[in-house]
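One structure is given here, and the rest of the page talks about it.
In my numbering, the protein residues as written are 755 to 1150.
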């Protein structure tokens, strides 16, 4: 076949005005919905992993009740007990009405004590929210900062060694959203019956991450707990020849390894759903028209829960940060996929509100600085059989 004959179908298609080659009548193609079409839902199937993610977009985050009802009904509907058809649901731009949480805390609770980790170190120090805001603003540049992460902070009061405070005004801000109000730990879709929001053991909690980055060793904070060595051998220094080499750099990981969200203790411990929202750190500057990518996520299909837990050697009775000791890279994902395990590789952006059903093992990597607010949701559907049996026992 000559080049002219090969180019003929393309030329014919261009003459038809579409720029695309006409398909055979036997092959029916369905156009995907517009990605940024407001108040519309669509399902994304991971091309590599085979798992599904439910998406929706809204540009009126406090007036999208109809979309939310449809989204919640579809997302939390389980095919059979403990097996959802999605690994994650995301309503994009739904948190755009909220202020920057760092600025809000510094303004409304300037003297509240919080804990943060020294940048590049494991040492933890205590400062006020106003001081933390100043550190972030001083070191922020184009999507990341170098002041260390803010450790988790409770928004519903503290018990024992927890850090935080009961913040009713901020909770009211969250509940202004028709997306968040029904899925709060005490919301309409929750199985919990609480006398007050401050009685919640499921959150919400807040934390701030600087984003994963490579940093010169000279920019890493020195530990205040280590004493400087003295009395070095000056004669030894005369024999040492400084190496001419590239500047030493360190990768500062910002990752949460694979885990599953649980509630309860001992024999009553069970997996549960999780809800979270993301706000990128902008330090008072105007955000771009496009929401910045802040999290890179891998989530495994709930049907493969037991197999993934076995393959990755998860200790499900540990806290989320220590359930798994290995980071799952592409090579491991390919190995698991060859064995039939499904997953989805997802990017979460600024102002996203996300939902993770029960029995979904997932890992997070922070790719740019952001504030996360998250909590557990004991969804009514998860306890339907338990509640019905309890009601029948009460009746008899």
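Here a beta-carbon is modelled for each residue, glycine too, at the ideal position from N, C-alpha and C. In this text the structure is predicted, and so the values were computed from the model without any measurement.
The C-alpha of residue 852 lies about 9 angstroms from the C-alpha of residue 931.
A distance of 8 angstroms or more separates the beta carbons of residue 1035 and residue 901. Annotated three-state conformation of residue 1138 is helix, per DSSP. DSSP places residue 1090 within a helical segment (H, G or I) once states are collapsed to three. Assignment of residue 891 by DSSP, reduced to helix, strand and coil, places it in the helix class. Taking the Cα positions, residue 954 is about 11 angstroms away from residue 941. 8 angstroms or more divides the Cβ of residue 962 from the Cβ of residue 822.
Excluding the 5 residues flanking it on each side, residue 864 has same chain C-beta neighbours closer than 8 angstroms at 882, 883 and 884, in chain order.
For the set 832, 1030 and 845, the Cα lying nearest the Cα of residue 795 is the one of 845. Residue 952 and residue 970 have their alpha carbons spaced roughly 43 angstroms apart. Under a 10 Å Cβ-count criterion, residue 1004 is classified as exposed, with fewer than 16 other Cβ atoms of the shown protein chains found around its own Cβ. In this structure, residue 1053 keeps its C-beta atom at 8 angstroms or more from the C-beta atom of residue 1130. As computed with DSSP, residue 871 is found in a beta bridge with 878. Residue 907 sits close to residue 960, with the two beta carbons spaced by under 8 angstroms. Residue 1049 is bridged by DSSP to 1102 and 1120. Taking C-beta separations shorter than 8 angstroms and ignoring five residues to either side along the sequence, the partners of residue 966 in its chain run 1005, 1006, 1007, 1008, 1009, 1119, 1120 and 1121, following chain order. Counted as a single uninterrupted DSSP element, the beta strand (DSSP E) harbouring residue 1108 occupies residues 1107-1110. Three or more beta-carbon pairs separated by less than 8 angstroms are not found between the stretch 810-825 and the stretch 890-904, which leaves the two stretches without contact.
Under DSSP, residue 1129 forms a beta bridge with 1029. Taken atom to atom, the span from the alpha-carbon of residue 1071 to that of residue 904 is near 25 angstroms.
DSSP places residue 812 in no alpha helix (DSSP H); its state is neither H nor E. The beta carbon of residue 1016 lies closer than 6 angstroms to those of 1023 and 1025 in the same chain, with the five residues before and after it left out.
The beta-bridge partner set that DSSP reports for residue 1054 consists of 1097. The DSSP-derived three-state label of residue 957 is coil.
Of all alpha-carbon atoms in 1059, 891 and 847, the one lying nearest the alpha-carbon of residue 857 is that of 891.
Spanning the alpha carbons of residue 1080 and residue 1117 requires a straight line of approximately 10 angstroms. Under the DSSP definition of a beta bridge, residue 825 lacks any partner. Put simply, the backbone Cα of residue 842 is about 11 angstroms away from that of residue 1107.
Given a length threshold of 4 residues, each whole run of the alpha helix (DSSP H) inside the stretch 826-871 is given here in chain order: 855-862.
For residue 798, DSSP records a beta bridge to 807. When C-alpha distances from residue 957 are compared across 1094, 920 and 1069, the shortest belongs to 920.
The beta-carbon distance between residue 1092 and residue 804, rounded to whole angstroms, is 12 angstroms. This is too long to meet the 8 angstroms contact definition. The beta carbon of residue 935 is closer than 7 angstroms to those of 929 and 941 in its chain, skipping five residues each way along the sequence.
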